Amino acid sequence: MQPVKKIGLLCVMLSWAVCSPAAPSSPSLRNGFTDPPQAGKAQTWWHWTSLFVTKEGIQADLEAMKQIGYSGAHIFATSSSPCPPGDYPEILSPEWLDLVQYAGKEASRLGLTLGVHNCPGWSLSGGPWIRPEESMQMIVSSESHASGGKRQKIVLPQPETRHGYYRDIAVLAFPDVNRHDTPQLKADFKEDSLSNITDGDYTSFIRLPIAKEGSSAVVTLSYDTPYSPQFIELSFGEVHLFVKGTIEASADGKHFREVGNFDYRIRTDMRLPKCIPLNDGARNARFFRVTFNYRPYRYWMKPANVQLNEIRLLASPMVNDVDTRNSTMEDSYSYKPFDPAYTSPGIDPVRVIDLTADLAPDGTLDCTLPQGKWTILRIGHTTTGKTNGPSHYTGLECDKLNRRGLDAHWPGMMARIEAQLKPTGALKYAIIDSYEAGGQNWTEGFDEEFLKRRGYDLKPYLPAVIGFVVGTPQQSARFLFDFQRTISELFAENYYDYFTELCHRNGLLSITESYFGPFDYLRCARNADIPTGEFWVGSGTSISRMPGSAAHFHGKARVGAESFTAGPVEGRWQQDPAQLKIYGDRAWIHGVTQLVMHSYVHQPYLNVRPGWTLAQHGSHLSRANTWWPYGNGWVDYINRSQFLLQQGTPVADLLVLSGESAPNNYPTDLQLLTAGYNYDFCCVDDLRELVQVKNGRITAPSGATYAVLSLGPDRYLTLPTLNKIYQLLQDGAAVAGLPPLGSPSLSDNDTEYAEMVRKIWGDSDTGLIQSVGKGRIIRSNDPVTILTTLNIQPDTELPEKVYGIHRCVGDTDIYFLYNDSTRTIHFNGKFRVSEDKSPEYWNAQDGTTIPAAVWRKETAGTVVTMTLQPYESLFVVFVPNKKVAPHVLDMTIAAPADEEAPTVSARVGNDRVRLFFREPATATLNLTNGKIQTETVRDVPAPVDLSDNWQVNFPADLGAPDSIRLNTLASLSESPEEGVRYFSGTATYSRTFLLPKGWNKPQRRVVLDLGTVRNLAEVKINGHKAGLLWASPFQLEISDFLQPGTNRIEIAVTNMWVNRLIGDARNTATIPETDGWPDWVLADKPNSGQGTYTFSPWKGWNKEEPLQPSGLIGPVLLRCIEIR
């Protein structure tokens, strides 16, 4: 495709006709922008979504990726699509591995690289080769009760055992304060085994009939005598737990008051008991009514009648929702202080008796307990039972806290893949996708690791992991912080770090998405070669700054993003390059530098369209998409942009501590970006181990520097962190933050802690800024206040909704700007560049670089006058210039008011300034030579309307006629003819027109304005390709292709699959099938021959849905631009 000469920059991008090239900068920088190197280009996930994989499909897929401009693909073997009738090789069978090797040979032939997800499916690291003892482990327990004062033998029930594996950790006894009489039960639904929920057996259960929207189920417990419980414990048996409800109490069984509530929306639950606090209204009650209500599930889950295993009321102080504090859930949060009013003393750790040595192998405890009632906990660990997936080949997930987990896992998948792909030279990457493996809170040797890292024995506090308060509630919260902190560190060291180590041993680079788990996201991303995030189209996961921050801090050029993932409503073939550009540009603003498309799904057939998908997930970006042959314009834009975004060092003013707690996924701070500042996060490990102060600036190992360290919103910091902060202040750093509310760790000495807080913040509020050592402490956690207080000028001053990021490459400054709005914005942008550097516009859409025409130096910066169209982006590159070329300092336009776009724009070329008038106007220029230049244009020819008399030609095999004539342009979806109305593909519009006399003069240029286009347009003038348009505004400068008199225009317009899919859903013809599969699909034909032209195993559209606008809608205009 030819480069686009697009009118999207400063209203009319016509400068190539009169401008000299931009001033020299680093040749490698300019050359790389023109011809980006392979490694940094766009890549794609390549999902093999079933066992139906063909060599011809592999070849066609990879050739299509090469054609569009990708540098490589990453294979995921999933079970997301059905297979047609037939026998297919199983994953990792010799036949399947032969297909993998064929993919490697084809990729190598085409100059593409391959990556492989480290296990079948996309989550996470597991397979049939993992034994239970090598798998993820979880703490389980059983509870017994006994009276002391004598020697006795007690048979302790073995705690829950999964996959036949269980090992003991400890047997602990402590005083019992709970009642153990069994309540009477009543339900408002039919259930013959209601007693299952109070029998103490966590394997028996009932089903709550709440699968339908609006449904509820009520269970009432009644006691013979009043009870004053502090908590209710609910045990469910669902992996995907979606339920909410209320707890009510009554003294008489008639008048109830609400005393508690719950709301669970858990994707991966370990099915351990959940403790819910009850308020004072539960005191002295005999009746307790629990109402369970339907809760909406995630769109990809099927609602179910919820399994309830056990209910019990507890008088003992408990840890509220302990599974959110003990790493049994993916999003367990490591420090949540209790309400200060919750002070009920729990188990005195001094009174916890260790009976572990008294337990016989058969589970018999032979012991003598002191007088009184005792609770005995038998605590052990079993496999979580979590398996990899979705895949046809599954097994247990490997241990994430112990290196033996990956040692057992790597040979199962990666070593076998390497044997096939290494000889081809194509394999370059191994991948860990986003964390979806549930929690883990034990591994062999965990108690020793805890003692080494935290400095005290965890055994007396283990009941807190089960849910009992040990000591005070605050002491339990602090122990659980230490417990989860240890788990987080082991996740980083023994899973994510070790994965990268194994990759390097085998000559591979690691790509990891280290988030959504019970760990420190930033720390786990530290050693990844390409730290990676994800973002979704529409309502879904937005891009996190965590991967970019890790890369900036540690000097990684490539920051990956699983890009354009979508759900069943937002996806379903609705994505075109214009929409995808919006989301991609936003990701770049937040630190991403390498887009990895989600997703290219393997297409086993050559002719069936739109073909296979990752079920309802993703933007369906494959060769079976209508616009794929024209998608390289968008991908070229990506590749040019990513080359620049991967160069040099990012510029940011603020380094923000991401908090002591894990997970630590802080949201994007748009307030900072809007104010013109950029920032990165760092984790506490990086702060303590790697941050230094050089020349008064916070310095990262990458060489990136920051003016200020912000302690962020977390008000609970550990003593080691305070010690590091104090040292940085002594060394001359500027640190901002409010005094902490306390330590989250039980390891810290409270006296030493208070003394360090006093050293840093003083004895009282002594003002906003105070000196500490050579540095300064700023009492604020408002980032803009911090920076303005220190008189740090914004890096950019831009209008609302225009965002910018900045990188330095040697003595060149690169700014990427993006207009995230539907408005055209004309503005004076200020950049914090004061050296002898000249601004240039580097346009990634067409690869051109030109000098900025209107700019001036001001105090502490450079002001550049520019215009950005809706959702337009632009690189402003400041290059060193000993001799500044003539340009405009300021320009005033006298013309009809147009706030969005000026009627005149200026260009610099051949040591002179040229003006481009799209309407009559007078322009007054203040030039660098001190002169005032005034130009007036009194007449600009009116546009010529070309919206009538078009012929439209359609391709064969897609249901449309050969051609139609349109007297007036309109959406094809409005056509009375079904084949046109439902058409999806590329339709070619053509007509002739007369070029008005005088329009081909040297001082005039002609612009083709296509108006509304759905969705891409390739333009030919007189048989010559003039350009490809894939984003608004659909305007093209065509002067060089025109001839006097009659001219012919052809516009190949490509829409999306939506209308044809809806039309096929409305087709009532009976299509022959075999085992539920259309015969025409099994024969790999392009259509059924009976009115159906599309097929996909996943049906995204139905016949009732409205059609979408389609084709060239216009109005189509020829516009004349006058040059002076």
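Residue numbering for the sequence shown is -22 to -1, 1 to 1102, as defined by mature numbering (1 follows the signal peptide of the UniProt record, and there is no 0). Using N, Cα and C, we set each Cβ at its ideal position, and we do this for glycine too. Since the structure is predicted, the reported quantities are computational estimates derived from the model, not experimental observations.
Handout entry: Whole-angstrom distance between residue 1075 and residue 280, CA atom to CA atom
Key = Position 302 of the sequence shown, counting from 1, holds the residue named residue 280. Position 1097 of the sequence shown, counting from 1, holds the residue named residue 1075. So the two alpha carbons sit approximately 19 Å from each other.
Exercise for the section: Note down, in chain order, each residue of its chain lying with its Cβ closer than 7 Å to the Cβ of residue 74, except the 5 sequence neighbours on either side. Expected result: Along the sequence shown, read from residue 1 onward, the residue named residue 74 stands at position 96. Here the set comprises 67 and 68.
Exercise for the section: Go ahead and label residue 889 buried or exposed: buried means 16 or more other beta carbons lie within 10 angstroms of its beta carbon, across all protein chains shown. Expected result: Numbered from its first residue, the sequence shown carries residue 889 at position 911. By the neighbour-count rule (16 or more Cβ atoms within 10 Å), residue 889 is not buried but exposed.
Exercise for the section: Reducing DSSP to helix, strand and coil, say where residue 51 ends up. Expected result: Here residue 51 is taken as the residue at index 73 of the sequence shown, counted from 1. Three-state result, residue 51: strand.
Exercise for the section: Counting only the same chain and skipping the five closest in sequence on each side, list residues whose C-beta sits under 8 Å from that of residue 1036. Expected result: The residue you call residue 1036 lines up with position 1058 of the sequence shown. 550, 551, 552, 962, 1079, 1085 and 1086, listed in sequence order.
Problem - Residue range of the unbroken alpha helix (DSSP H) whose run includes residue 43 - result: Indexing the sequence shown from 1 puts residue 43 at position 65. Counting along the chain, the alpha helix (DSSP H) containing residue 43 begins and ends at 33 to 46.
Handout entry: Under 8 Å between C-beta atoms of residue 808 and residue 858
Key = In the sequence shown, residue 808 corresponds to position 830, counting from 1. In the sequence shown, residue 858 corresponds to position 880, counting from 1. Not in contact: residue 808 and residue 858 (Cβ atoms no closer than 8 Å).
Handout entry: Residues that residue 359 bridges to, as DSSP identifies them
Key = Residue numbering aside, residue 359 sits at position 381 when the sequence shown is read from its first letter. Beta-bridge pairing links residue 359 to 117 and 145.
Exercise for the section: Please look up how many angstroms separate the CB atoms of residue 1005 and residue 1014, rounded, as I've assumed it's under 8 Å. Expected result: Translated into the one-based positions of the sequence shown, residue 1005 becomes position 1027. Translated into the one-based positions of the sequence shown, residue 1014 becomes position 1036. About 5 Å; that satisfies the 8 Å criterion.
Practice task
Indicate whether residue 152 and residue 353 have their beta-carbon atoms separated by less than 8 Å.
Solution key: Start at 1 with the first residue of the sequence shown, and residue 152 comes out as number 174. Start at 1 with the first residue of the sequence shown, and residue 353 comes out as number 375. Yes, the pair counts as a contact, with Cβ atoms nearer than the cut-off.
Practice task
Grab me the residues of residue 429's own chain with a C-beta within less than 8 Å of its C-beta, minus the 5 sequence neighbours each way, in chain order.
Solution key: For this step, residue 429 is matched to residue 451 along the sequence shown. Excluding positions up to five away in sequence, the list reads 435 and 436.
Practice task
Take residue 583 as the anchor and find which of 596, 125, 1044 and 62 has the nearest alpha-carbon.
Solution key: Within the sequence shown, the letter at position 605 stands for residue 583. Closest by alpha carbon: 62.
Exercise for the section: Please determine if the segment 522 to 533 and the segment 550 to 569 are in contact, where contact requires at least 3 C-beta pairs separated by less than 8 Å. Expected result: yes
Exercise for the section: For residue 468, I'd like the list of residues in its chain whose CB is within less than 6 Å of its CB, leaving aside the five on either flank, ordered along the chain. Expected result: Against the sequence shown, residue 468 aligns to sequence position 490. So the qualifying residues of the chain are 379.
Problem - Test item: CB-CB of residue 419 and residue 306 under 8 Å - result: Counted from its first residue, the sequence shown places residue 419 at position 441. Counted from its first residue, the sequence shown places residue 306 at position 328. Yes, the Cβ-Cβ distance between residue 419 and residue 306 is below 8 Å.
Practice task
Along the beta strand (DSSP E) that carries residue 345, what are the first and last residues, could you check?
Solution key: On the sequence shown, position 367 is the one that residue 345 refers to. Here the beta strand (DSSP E) through residue 345 covers 342 to 346.
Handout entry: residue 791 versus residue 6 - alpha carbon distance
Key = Your numbering for residue 791 matches position 813 in the sequence shown. Your numbering for residue 6 matches position 28 in the sequence shown. Each residue's Cα considered, the two are about 15 Å apart.
Exercise for the section: Just grab the DSSP bridge partners of residue 241 for me. Expected result: The sequence position of residue 241 within the sequence shown is 263, counting from 1. Looking at the DSSP assignment, residue 241 forms a beta bridge with 222.
Exercise for the section: Decide if the segment 49 to 62 is in contact with the segment 361 to 376; the criterion is three or more beta carbon pairs, one per stretch, under 8 Å apart. Expected result: yes
Handout entry: Local Cβ density within 10 Å of residue 910, reported as buried at 16 or more and exposed below that
Key = Numbered from 1 along the sequence shown, position 932 holds the residue referred to as residue 910. So residue 910 counts as exposed.
Practice task
Could you check the C-alpha separation between residue 1039 and residue 23 for me, to the nearest Å?
Solution key: Translated into the one-based positions of the sequence shown, residue 1039 becomes position 1061. Translated into the one-based positions of the sequence shown, residue 23 becomes position 45. In a straight line, the C-alpha of residue 1039 is about 25 Å away from that of residue 23.
Handout entry: Host alpha helix (DSSP H) of residue 1103 (start-end)
Key = There is simply no residue 1103 to check, as the chain begins at -22 and stops at 1102 in what is shown.
Handout entry: Inside the segment 433 to 516 only - alpha helix (DSSP H) runs reaching at least 4 residues
Key = 440 to 444, 451 to 469, 475 to 483 and 499 to 503
Exercise for the section: Taking 8 Å as the cut-off, decide whether the C-beta atoms of residue 991 and residue 1031 are in contact. Expected result: The count along the sequence shown starts at 1 and reaches residue 991 at position 1013. The count along the sequence shown starts at 1 and reaches residue 1031 at position 1053. Result yes, Cβ atoms of residue 991 and residue 1031 sit closer than 8 Å.
Handout entry: Residue ranges of each alpha helix (DSSP H) within the segment 769 to 854, 4 or longer
Key = none
Exercise for the section: Please say whether residue 715 and residue 749 have beta carbons closer to each other than 8 Å? Expected result: Taking the first residue of the sequence shown as position 1, residue 749 is located at position 771. Taking the first residue of the sequence shown as position 1, residue 715 is located at position 737. No, Cβ-Cβ distance for residue 749 and residue 715 is not below 8 Å.
Practice task
Give me the Cβ distance between residue 594 and residue 545, rounded to the nearest whole Å; I'm assuming they're in contact under 8 Å.
Solution key: Walking along the sequence shown from the start, residue 594 turns up at place 616. Walking along the sequence shown from the start, residue 545 turns up at place 567. Their Cβ separation, rounded to whole angstroms, is 7 Å, which keeps residue 594 and residue 545 in contact under 8 Å.
Handout entry: Contact set for residue 759: own chain, Cβ-Cβ below 8 Å, skip 5 residues either direction
Key = If you number the sequence shown from 1, residue 759 lands on position 781. Closer than 8 Å at the Cβ level, and outside the excluded window around residue 759, lie 688, 689, 690, 691, 714, 715 and 716.
Practice task
Specify whether the segment 240 to 251 and the segment 187 to 195 touch according to this definition: at least 3 beta carbon pairs, one from each stretch, less than 8 Å apart.
Solution key: no
Practice task
Assign residue 13 to buried or exposed, taking buried as 16 or more other Cβ atoms, counted over all protein chains shown, within 10 Å of its Cβ.
Solution key: As a position in the sequence shown, residue 13 is number 35, starting the count at 1. Residue 13 comes out exposed.
Exercise for the section: Might you give, ordered along the chain, the residues of its own chain that have their beta carbon closer than 7 Å to the beta carbon of residue 914, omitting 5 neighbours on each side? Expected result: Counting from 1 along the sequence shown, the entry for residue 914 is found at position 936. Around residue 914: 900.
Practice task
Assuming residue 70 contacts residue 410 (C-beta within less than 8 Å), just tell me the rounded distance between them.
Solution key: The sequence position of residue 70 within the sequence shown is 92, counting from 1. The sequence position of residue 410 within the sequence shown is 432, counting from 1. Not confirmed; about 18 Å, so no contact.
Exercise for the section: Consult DSSP for residue 21 and reduce its assignment to one of helix, strand or coil. Expected result: Taking the sequence shown and counting its residues from 1, the one referred to as residue 21 is at position 43. DSSP places residue 21 in strand when its eight states are reduced to three.
Problem - Candidates 267, 205 and 363, of which the one nearest residue 247 by Cα - result: Within the sequence shown, the letter at position 269 stands for residue 247. The residue with the shortest Cα to Cα distance from residue 247 is 363.
Practice task
For residue 1083, collect the residues of the same chain with a Cβ closer than 6 Å to its Cβ; drop the 5 residues on either side in sequence, then sort them by chain order.
Solution key: Stepping through the sequence shown from its first residue, residue 1083 is reached at position 1105. Taken in chain order, the residues that qualify are 1040.
Exercise for the section: Determine the contact status of residue 224 and residue 176, defining contact as a CB-CB distance below 8 Å. Expected result: Taking the first residue of the sequence shown as position 1, residue 224 is located at position 246. Taking the first residue of the sequence shown as position 1, residue 176 is located at position 198. Their beta carbons are not under 8 Å apart, which means residue 224 does not touch residue 176 by this criterion.
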